[in-house]
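When you number the sequence shown by the numbering used here, it's gap-free, plus one each residue, and the end is 108.
Take a look at the structure below.
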Amino acid sequence: MLKFTCPHCNEKTFTPLQKALAGSMKSVGKPCPNCGRKCCNGMESAYFDSIISVIMIVTIFVIYMKSDASAKVQSSILIAVIILARFVLSFLFRMFFGKLVHPVRTMR
Ligand SMILES: [Zn+2]
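Structure (structure tokens):
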């Protein structure tokens, strides 16, 4: 099974789900099941988050500009779906891509 390496003890201890829940570099992170020290997602997921956030904002803006009064409900639903997709994509990226690192808060 796919597992991710802990940056502290170099053991493959994190499942994709645990990694996805470990948060960003600004979070406190999640403890490693082996050594108990905190790990979080590295810069790759932070970059990915900012790229998809920009795409999301641009898409919402385009939908907003193009929709007329008669399509208000449809465009609201579409915007809600796009916001949801942004979080799902962010979560999936953290599950399968990027490395685990030490959280900034506990780094010396
Ligand atoms: Zn560890």
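Glycine included, C-beta positions come from ideal geometry on N, C-alpha and C.
Between the region 15-22 and the region 85-95, can you find at least three pairs of beta-carbon atoms closer than 8 Å? yes
Let's test the definition: count the other Cβ atoms within 10 Å of the Cβ of P103 and tell me whether it reaches 16, buried, or not, exposed. On the sequence shown, position 103 is the one that residue 103 refers to. That one is buried.
Using alpha carbons as the reference points, say which of S90, F87 and F61 lies closest to S76. Here residue 76 refers to the residue found at position 76 when the sequence shown is read from its first residue. The residue with the shortest Cα to Cα distance from S76 is F61.
Which class does T59 belong to by DSSP, given the choice of helix, strand or coil? Against the sequence shown, residue 59 aligns to sequence position 59. Reduced to three states, the DSSP call for T59 is helix.
Counting only runs that start and end within the region 22-104, where is the beta strand (DSSP E) found for 3 or more residues in a row? The beta strand (DSSP E) runs lying completely inside the region 22-104 and spanning 3 residues or more are 38-41, given in chain order.
Under a criterion of Cβ closer than 5 Å to any non-hydrogen atom of ligand 1, which residues qualify, in chain order? C6, H8, C9, C32, N34 and C35
The alpha helix (DSSP H) with A12 in it runs from where to where? In the sequence shown, residue 12 corresponds to position 12, counting from 1. Note that residue 12 is Lys in the sequence shown, not Ala. Here K12 belongs to no alpha helix (DSSP H); instead the beta strand (DSSP E) covers K12 to F14.
When the distance is taken between beta carbons, is C40 closer than 8 Å to C32? If you number the sequence shown from 1, residue 32 lands on position 32. If you number the sequence shown from 1, residue 40 lands on position 40. Taking the C-beta atoms as reference points, C40 is found no nearer than 8 Å to C32.
Inter-residue CB distance, M25 and G42 (contact presumed, cutoff 8 Å): Here residue 25 refers to the residue found at position 25 when the sequence shown is read from its first residue. Here residue 42 refers to the residue found at position 42 when the sequence shown is read from its first residue. About 7 Å separates the two Cβ atoms, so the contact holds.
Just how far apart, CA to CA, sit V101 and I63? The count along the sequence shown starts at 1 and reaches residue 101 at position 101. The count along the sequence shown starts at 1 and reaches residue 63 at position 63. Taking the CA atoms as reference points, V101 sits about 37 Å from I63.
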